[in-house]
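Reviewing the structure listed below.
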Amino acid sequence: MIALLVRDLRLAVRAGGGFGLGLAFFLIVTVLVPFGVGPETGLLSKIAPGVLWIGALLACLLSLDRILALDWEDGSLDLLATAPLPMEGIVSVKALAHWITTGLPLVVAAPVLGVLLSLPAGGYLWVFVSLALGTPALSVIGTFGASLTVGLKRGGLLMSLLVLPLYVPTLIFGAEVARRGAEGLPVATPLAMLAGISFGVVALLPFASAAVLRINLR
Amino acid sequence: MASIWEYANPVKFIRTTDRVLPWLSAAAVIALVVGLFWGFFLTPDDYRQGATVKIIYLHVPAALIAINAWLMMLVASLIWIVRRHHVSALAARAAAPVGAVMTVIALATGAIWGQPMWGTWWAWDPRLTSFLILFLFYLGYMALWEAIENDDSAADLTSILCLVGSVFAILSRYAVNFWNQGLHQGASVMRAGALAGDTEERVSNVYAVPLFVCMAGFVLLFIALVFLRTQTEIRARRTRALMARERVA
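Residue numbers (UniProt numbering), protein chains in the order written: chain S, 1 to 218; chain U, 1 to 249.
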């Protein structure tokens, strides 16, 4: 499993585009928002947590079809399926690799981009925490979506349609944590819900993804 | 006595539903005509909401079906996963567009009702928002069915999507509840006033009786439509099989 993880990470870094793409997209979304809503500081600092969350979510979504599509095309997914590794392990590693290459940079970059959106001082920590807790869920849910659409031509658009409603609870609680943190309100309840969703999804959804992938590879 | 699984045989299913469908459709039409006529013309105007209250006879039954259609798809998907009866998978597929249309009806009538009552077509109220998300789930489910060529894989994949989607639909429902209370306090006042029809004990009997007739009519209509659409799916699949055989021969 570690070998697979290392391979996926190397591929993401060396094969070009994949690694920095999500980050660049996140940057672009964040930069575009002030152009869209106006550079007024008060308004920006109010919407900053939500914008950062939506940007991170979209950046995640953008990179989802890289999780499995390339391996599907060159046949290495079939090889992995016949390897002694259980399918649940494969999808978990894939999700983890996606999180390390996409989610983790987003988490680190979000507080920095918060400066551009004049995020209130108390918000940096909570944006960081909520994204650190929420992006693994985004990766795992996204892996499920990618498994569903892996054999399809032009599956990317369909995948967005399938994955977006599944992202709603994570987005709501994640943005809620960030927003409350930025406004200095207590964050315990949404934080607990966000953690619950993340851990629940990480624990359970790989089984669904593995089942789906087995059907698709049949 | 034969077991219910016998009806998983497509031939038997078509024969039985063919016999039931006319009665079912007739009952649905009668219930709808009676309920809607009674509701629209024979009930007094509400003292606060005026005549607009009467949209309840479309709004509430449509919402009822919109939610329960997904529940029926969930059950049918489970049956397909566990016992692999093709009719079950096809019934789930047949129910999805009906559920989606009912969701749209509920959303549209809600907007038409909300405009005079709340002064707005749309509010990010928990109930409204979760219905919008439910509509997205329906869209994704139908799109996945259309996208996959192999019938059995399509049934498998959509079934799992339906299971996972149900969990997330419930999760969204509560998440949205939570989110809204944190955002707009004002919405709870509007909700209490305008969606009073959804909590049945608040509706006086004058409105409740025709409303129940309408709900029965919608349920019958839903069952009839699902039967009819399932038959169509079965026949379409047969036609495809025949054409494939001819091409080989």
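Note that the Cβ used here is the ideal one computed from N, Cα and C, for glycine as well. From a predicted model like this one, the values you see are computed outputs, not experimental measurements.
In this structure, U:Ile223 is the residue among U:Ala76, U:Val248, U:Gln231 and U:Ile223 with its C-alpha nearest to the C-alpha of Trp23 (chain U). Fully enclosed alpha helix (DSSP H) runs of no fewer than 4 residues occupy 69 to 73 of the segment 46 to 74 of chain S, in order along the chain. Between Val29 (chain U) and chain S, the shortest Cβ-Cβ separation is not below 8 angstroms.
Residue environment for Glu146 (chain U): exposed (fewer than 16 other C-beta atoms within 10 angstroms of its C-beta). Contact annotation: in the segment 166 to 188 of chain S, residues whose CB is within less than 7 angstroms of a CB in chain U are Leu166, Val168, Pro169, Ile172, Phe173 and Glu176. For chain S, the residues of the segment 145 to 167 of chain U that bring a beta carbon within less than 8 angstroms of one of its beta carbons are Ala147, Ile148, Ser153, Asp156, Leu157, Ile160, Leu161, Leu163, Val164 and Gly165, in chain order. Its Cα nearest to that of Trp70 (chain U), the residue U:Phe135 stands out among U:Val209, U:Ala155, U:Thr232 and U:Phe135.
Per DSSP, reduced to three states, the secondary structure at Asp78 (chain S) is helical. Counting other Cβ atoms within 10 Å of its Cβ, Glu176 (chain S) reaches 16 or more and is therefore classed as buried.
Taken through DSSP and simplified to helix, strand or coil, Ser3 (chain U) comes out as coil. Judged by DSSP secondary structure, Ile81 (chain U) falls within the alpha helix (DSSP H) whose first and last residues are Ile56 to Arg83.
Only residues of its own chain outside the window of five on either side were considered, and among them Ser77, Trp80 and Ile81 have a CB closer than 6 angstroms to the CB of Ser159 (chain U), listed in chain order.
Any Cβ of chain S closer than 8 angstroms to the Cβ of Ser172 (chain U) would place that residue at the interface, and such an atom is present. Here Leu166 (chain S) is near Phe168 (chain U), since their CB atoms are less than 8 angstroms apart. In the three-state reduction of the DSSP assignment, Thr170 (chain S) falls in the helix class. Ala211 (chain S) reaches chain U at Ile160, counting residues in chain order whose Cβ is nearer than 7 angstroms. For the pair Arg179 (chain S) and Gly50 (chain S), the CB atoms are nearer than the 8 angstroms cut-off. Contact between Gly165 (chain U) and Leu161 (chain S) is ruled out by a C-beta separation of about 12 angstroms, above the 8 angstroms threshold. Contact between the segment 99 to 110 of chain U and the segment 26 to 40 of chain U is absent: fewer than 3 CB-CB pairs across the two stretches fall below 8 angstroms.
Distance from the CA of Ala208 (chain S) to the CA of Met87 (chain S), rounded to the nearest whole angstrom, comes to 10 angstroms. Per DSSP, the continuous alpha helix (DSSP H) segment holding Glu88 (chain S) begins and ends at Met87 to His98. Identification of chain S residues near Ala143 (chain U) by a Cβ-Cβ cut-off of 7 angstroms yields Leu158 and Leu161, ordered along the chain. Taking the C-beta atoms as reference points, Val212 (chain S) is found nearer than 8 angstroms to Leu157 (chain U). Thr16 (chain U) is positioned such that its CB atom lies no closer than 8 angstroms to that of Trp113 (chain U). Along the segment 109 to 142 of chain U, going in chain order, the ones with a CB nearer than 8 angstroms to a CB of chain S are Ile133, Leu136, Phe137, Leu139 and Gly140. Judged by their CB atoms, Ala91 (chain U) and Val226 (chain U) are nearer to each other than the 8 angstroms cut-off. Using a Cβ-Cβ distance cut-off of 8 angstroms, the segment 142 to 161 of chain S and the segment 106 to 117 of chain S are not in contact, since fewer than three pairs of beta carbons, one from each stretch, lie closer than that value. Nearest C-alpha to Ile234 (chain U) among U:Ala96, U:Ala8 and U:Val248: U:Ala8.
In chain order, Val168 and Ile172 make up the part of chain S whose C-beta sits under 8 angstroms from the C-beta of Val176 (chain U). In the DSSP assignment, Asp18 (chain U) falls within the unbroken alpha helix (DSSP H) covering Pro10 to Phe37.
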